[in-house]
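Participant: Chains as they are written, first to last, in the numbering used here: chain A, 110 to 429; chain B, 110 to 429.
Number of protein chains: 2
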Amino acid sequence: MTNQGAMIGVDLGGTRIRAARLTPQLTLEARAEIPTRVEDGPDRIIERMIGLIREVWPANGPINHIGVAAPGPLDPFTGVVLSPPNLGWRNVPLRAMLADAFGVPVTVGNDANAAALAEAMIGAGRGLRHMIYLTISTGVGSGIIVDGKLHTGARGLAAEAGLIPLLYGDQVATLEDLSAGPDMAREAVRRMESGERSSLAVVSGELTAEAIGAAARAGDDLAYTVIASAGRNIGLGIVTLLQLFNPQRVVIGGGVSQLGALIFDPIRATAAKYVCDPAFLEGVEIVPAHFGGDVGLIGAGALVLTQGGTLDLEEAARML
Amino acid sequence: MTNQGAMIGVDLGGTRIRAARLTPQLTLEARAEIPTRVEDGPDRIIERMIGLIREVWPANGPINHIGVAAPGPLDPFTGVVLSPPNLGWRNVPLRAMLADAFGVPVTVGNDANAAALAEAMIGAGRGLRHMIYLTISTGVGSGIIVDGKLHTGARGLAAEAGLIPLLYGDQVATLEDLSAGPDMAREAVRRMESGERSSLAVVSGELTAEAIGAAARAGDDLAYTVIASAGRNIGLGIVTLLQLFNPQRVVIGGGVSQLGALIFDPIRATAAKYVCDPAFLEGVEIVPAHFGGDVGLIGAGALVLTQGGTLDLEEAARML
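#1: Under the three-state reduction of DSSP, which class applies to B/A318: helix, strand or coil?
#2: Would you tell me roughly how many angstroms separate the C-alpha atoms of B/A57 and A/G212, rounded to the nearest one?
#3: When DSSP labels each residue in this structure, what does B/G290 get in the three-state scheme?
#4: Counting along the chain, where does the alpha helix (DSSP H) carrying A/L161 start and finish?
#5: So which residues of chain A does B/L275 contact, with C-beta pairs closer than 7 angstroms?
#6: Taking only the alpha-carbon atoms, compute the straight-line gap between B/L412 and B/V359 and give it to the nearest angstrom.
#7: Whose C-beta lies closer than 7 angstroms to the C-beta of A/R427 among residues of the same chain, with five residues either side of it excluded?
#8: Using a Cβ cut-off of 7 angstroms, pull out every chain B residue sitting near A/T349, in sequence order please.
#9: Starting from the N-terminal side, write out each stretch of the alpha helix (DSSP H) that is 4 residues or longer and does not extend beyond the segment 326-390 of chain A.
#10: With a Cβ-Cβ cutoff of 8 angstroms, do A/L309 and A/D329 count as a contact?
#11: Pull up the DSSP beta-bridge partners for B/I126, would you.
#12: Using a Cβ-Cβ cut-off of 8 angstroms, state whether A/G417 counts as contacting chain B.
#13: Which partner residues does A/E394 have in the DSSP bridge list?
#14: Please list, in chain order, all residues of the same chain as A/I172 whose beta carbon is under 8 angstroms from its beta carbon, the five residues on each side excluded.
#15: Would you say B/D279 and B/D286 are within 8 angstroms of each other, going by their C-beta atoms?
#16: Would a check of beta-carbon distances place B/G262 closer than 8 angstroms to chain A?
#17: Please name the residue or residues paired with B/L137 in a DSSP beta bridge.
#18: So, is the C-beta of A/Y383 closer than 8 angstroms to a C-beta in chain B?
#19: Kindly list, in the order they appear in chain A, the residues whose Cβ is closer than 9 angstroms to that of B/A224.
#20: Sort out for me which residues DSSP pairs A/V177 with in a bridge.
#21: Tell me, please, whether the CB atom of A/T111 is closer than 8 angstroms to any CB atom in chain B?
#22: Counting only C-beta atoms, is B/E148 closer than 8 angstroms to chain A at any point?
#23: Do we get a CB-CB distance below 8 angstroms when we pair A/E269 with the residues of chain B?
#24: Between B/R238 and chain A, is there a C-beta pair that is closer than 8 angstroms?
#25: Might you give, ordered along the chain, the residues of its own chain that have their beta carbon closer than 6 angstroms to the beta carbon of B/Q134, omitting 5 neighbours on each side?
#26: Give the secondary structure of A/S251 by DSSP, where H, G and I count as helix, E and B as strand, and everything else as coil.
#27: Would you kindly work out how many angstroms separate the C-alpha atoms of B/S251 and A/A225, rounded to a whole number?
#28: Is the segment 336-354 of chain A close to the segment 376-389 of chain A, with three or more CB pairs under 8 angstroms?
#29: Taking the beta strand (DSSP E) that B/V312 belongs to, which residues open and close that run?
#30: Tell me the residue span of the alpha helix (DSSP H) that contains B/M428.
#31: Do the segment 187-205 of chain A and the segment 135-155 of chain A meet, that is, are 3 or more Cβ pairs less than 8 angstroms apart?
#32: Please go through the same chain and pick out, in chain order, the residues whose beta-carbon is closer than 6 angstroms to the beta-carbon of A/R377, but skip the five residues on each side of it.
#33: So, using beta-carbon positions, are A/G405 and A/D184 closer together than 8 angstroms?
#34: Considering only the beta carbon of each residue, do B/G363 and B/T244 sit closer than 8 angstroms?
#35: Comparing the C-beta of B/L121 with each C-beta of chain A, is any distance below 8 angstroms?
#36: Opposite B/I273 in the DSSP bridges: which residues?
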């Protein structure tokens with residue numbers, strides 16, 4: 110079983126690339142990171158990624174597998190990154206390029222799917238057969254466990270919950286457009302520009318969800334309502350997910366989820382208000398993720414252990 | 110194998126109840142129907158349903174199983190009808206009541222799930238492992254095949270696509286609110302009342318999707334745009350389903366689907382326009398259902414053959 114040895118996990122993000130050596134139990138060992146520098150384009154970025162992997166490659170003892178969590182949409186069966194908005198790539202054969210460089214099997218998966226697998230195997234969704242994982246930061250992604258397995262769809266493209274289209278007045282916007290961190294910042298700026306007062310007016314540089322959260326906790330009304338509005342939109346997205354997937358738990362990760370009750374209260378209230386039948390929420394908790402910034406690296410390892418999400422999680426957990 | 114004999118299929122709708130005897134190959138034999146008369150309440154309705162089943166019960170030769178397609182949400186594992194808006198029932202133990210009356214196993218399933226199974230086993234989705242079935246008539250329902258099995262979720266409540274919240278302005282409306290037959294009629298009336306001209310103004314009685322379709326085909330602009338708008342909204346719902354489920358085909362049934370190109374053209378155009386990546390539509394057709402009004406009865410039989418949707422469809426198809 111080639112999955113049983115040490116492995117390398119890679120987390121490819123729009124801002125930075127991280128790599129780590131993981132034990133077969135998904136414990137992180139050596140790690141390293143570099144900035145992504147999207148403007149470099151895929152070839153140079155992958156070249157630097159290869160250098161980064163070499164940094165954490167063990168001097169002695171073999172590596173049997175490389176797992177990569179990358180932005181979707183991507184085809185996990187071929188390892189081709191299709192068209193991630195935050196990278197601007199088009200049909201990049203990431204798996205083939207890394208396999209050529211290292212001569213070991215490479216598994217490439219959607220980063221939100223990877224995180225969902227990590228949470229389902231050893232995190233906040235441990236032991237569940239039906240789970241939704243949502244990550245809300247600069248974008249919104251999701252990974253879904255259906256009947257004990259990663260939900261991939263026919264071509265491995267399933268579970269793009271951030272891109273649920275919503276009619277917003279006369280326009281169509283996605284859940285991500287209406288709830289991610291940049292949306293909160295835009296909304297706060299728009300309201301201040303239209304004359305509303307807020308302590309956020311003195312924040313220099315780009316507004317972050319963290320800064321908006323700090324202002325809300327200090328009593329800033331505008332900050333509070335901007336977060337509540339994003340929470341409501343996320344809650345409506347969760348209504349769609351509850352009604353389509355009927356999960357046992359909803360796990361929310363990503364930077365925005367660290368706003369705590371400020372965001373979880375409106376999320377939970379909206380889900381309860383709009384779900385079509387209370388049975389969809391009976392015994393179903395909407396909880397923060399177990400893992401923070403390392404979830405991509407651990408998820409990359411979970412992708413390897415589950416053979417790209419094709420194994421039943423109970424079976425995969427026996428390998429831990 | 111108790112599923113192998115003749116069976117009774119029942120289709121419980123808001124307007125009428127139909128029952129039929131089916132061969133193990135899902136061919137309809139004797140059939141009968143009565144009006145539902147929702148105002149009678151569950152006890153009297155189920156009493157009349159029992160009488161209806163007796164009408165199609167064979168004089169000689171056993172019946173091994175009864176399958177019932179009923180409006181959701183319902184719990185298929187317990188056979189309890191939870192809260193269908195079109196019946197106004199609350200937690201009615203339909204399966205137990207029918208099993209008591211007849212002394213044979215009874216399988217109760219969501220009507221859209223039953224229809225999805227019928228289409229997947231012997232209809233427009235035959236042989237596919239990933240399929241979306243949408244039914245659009247007075248309401249919008251769905252049944253989804255994921256990895257060769259009916260997608261049920263943890264408690265059997267999954268796949269309520271009609272209840273996707275779609276409008277996120279100041280109001281929340283569901284896909285059903287924005288695309289089903291009654292919505293088209295309301296929208297046509299609203300526009301005529303605000304002064305727009307239409308040949309529909311002379312239609313007496315309630316406006317049906319069929320009448321709106323006839324007017325549109327005869328060149329009525331208002332009728333045409335009302336259907337196009339419903340089609341756009343259905344198309345947006347399908348974008349959500351494509352991105353969340355990545356199916357091989359989308360099959361659309363129900364009365365509204367019989368509007369042909371009038372509704373399928375805007376559905377397909379909207380799906381293509383708003384899907385986040387063309388890969389989700391590559392090789393994916395959005396097609397009319399194979400079955401018409403009999404799909405509930407055949408679906409009730411398909412529920413029996415698939416043991417309430419728990420069997421893999423390839424396995425179930427071997428029993429045909």
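By construction, the Cβ of each residue, glycine as well, lies at the ideal position given by its N, Cα and C atoms.
Facilitator: With the given structure in hand:
#1: helix
#2: The first residue shown for chain B is 110 and the last is 429, placing residue 57 of chain B beyond what the model contains.
#3: helix
#4: P151 to V165
#5: L275 and L276
#6: 20 angstroms
#7: none
#8: I273, P274 and T349
#9: 330-354 and 370-383
#10: yes
#11: B/L121 and B/I143
#12: no
#13: A/R358
#14: G114, A115, M116, I117, R130, W166, F211 and V213
#15: no
#16: yes
#17: B/L131
#18: yes
#19: Here the premise fails: no neighbours, minimum Cβ distance about 17 angstroms.
#20: A/V119 and A/V217
#21: Residue placement at A/T111 is flagged as unreliable, the pLDDT there being 42, under the threshold of 50; the coordinate-derived value follows with that caveat. It does not; no Cβ of chain B falls within 8 angstroms.
#22: no
#23: yes
#24: yes
#25: L429
#26: strand
#27: 26 angstroms
#28: yes
#29: Taken as a continuous stretch (DSSP letters only), B/V312 belongs to no beta strand (DSSP E), as it is neither H nor E.
#30: Element bounds for B/M428: n/a, residue is neither H nor E.
#31: yes
#32: I395
#33: no
#34: yes
#35: no
#36: None, per the DSSP bridge assignment.
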